[in-house]
Each structure stands twice: as C-alpha cells, then as structure tokens.
Amino acid sequence: MSPNDYVKFMTEEVVKYMELPKEKKKERKQRKKAARKPWSITLFGIIPLALSFVFRRKS
Numbered sequence: 181m182s183p184n185d186y187v188k189f190m191t192e193e194v195v196k197y198m199e200l201p202k203e204k205k206k207e208r209k210q211r212k213k214a215a216r217k218p219w220s221i222t223l224f225g226i227i228p229l230a231l232s233f234v235f236r237r238k239s
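Residue numbers (this note's numbering): 181 to 239.
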C-alpha cells in the first residue's frame, strides 16, 4: 500500500465518522464499552478469573 493510498483510506474513514449522527456515535461507544473485558483479566490474565471461581464455589 503506497502512502497516497493510506492517506486516502484514512481520509475516507475520518469523513465517514464525522458524518455519523451523534446518537449513533454514542451507541457505538456504549457497545464497545460493554464488550470490553474486566480490568482484572486485562491486567493479570486468567488467574483472577480462576480464583474468583474457586472462591465462589466455596461459599
């Protein structure tokens, strides 16, 4: 991909985003936020998840 093609692609993407209504942008942001993994899994991997299962089972 030449630099000119890349600039053209990025310009098109920015224009698409700018043309979206405010409600759609907000909806997209909320969906993205809801699909995000919890911070404990992101930072420390699967270990906190496994520990939470172990402690839940004991209670």
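From the three backbone atoms N, C-alpha and C, an ideal C-beta is built for every residue, glycine too.
Worksheet entry | Per-residue DSSP class, three states only, for M181 | Counting from one through the sequence shown, the residue named residue 181 turns up at place 1. Here M181 sits in coil by DSSP.
Worksheet item: What's the C-alpha gap between M181 and M190?
Response: Here residue 181 is taken as the residue at index 1 of the sequence shown, counted from 1. Here residue 190 is taken as the residue at index 10 of the sequence shown, counted from 1. Approximately 12 angstroms, taken between the alpha carbons.
Item to complete: For W224, I'd like the list of residues in its chain whose CB is within less than 8 angstroms of its CB, leaving aside the five on either flank, ordered along the chain.
Response: On the sequence shown, position 44 is the one that residue 224 refers to. Looking at the sequence itself, residue 224 is Phe, so the reference to Trp does not match. Cβ neighbours of F224 beyond the five flanking positions: none.
Practice prompt. Report back the beta-carbon spacing between L231 and I221 to the nearest angstrom; my notes put them in contact at under 8 angstroms.
Written response: Locating residue 231 in the sequence shown gives position 51, counting from the first residue. Locating residue 221 in the sequence shown gives position 41, counting from the first residue. 11 angstroms between Cβ atoms; not a contact.
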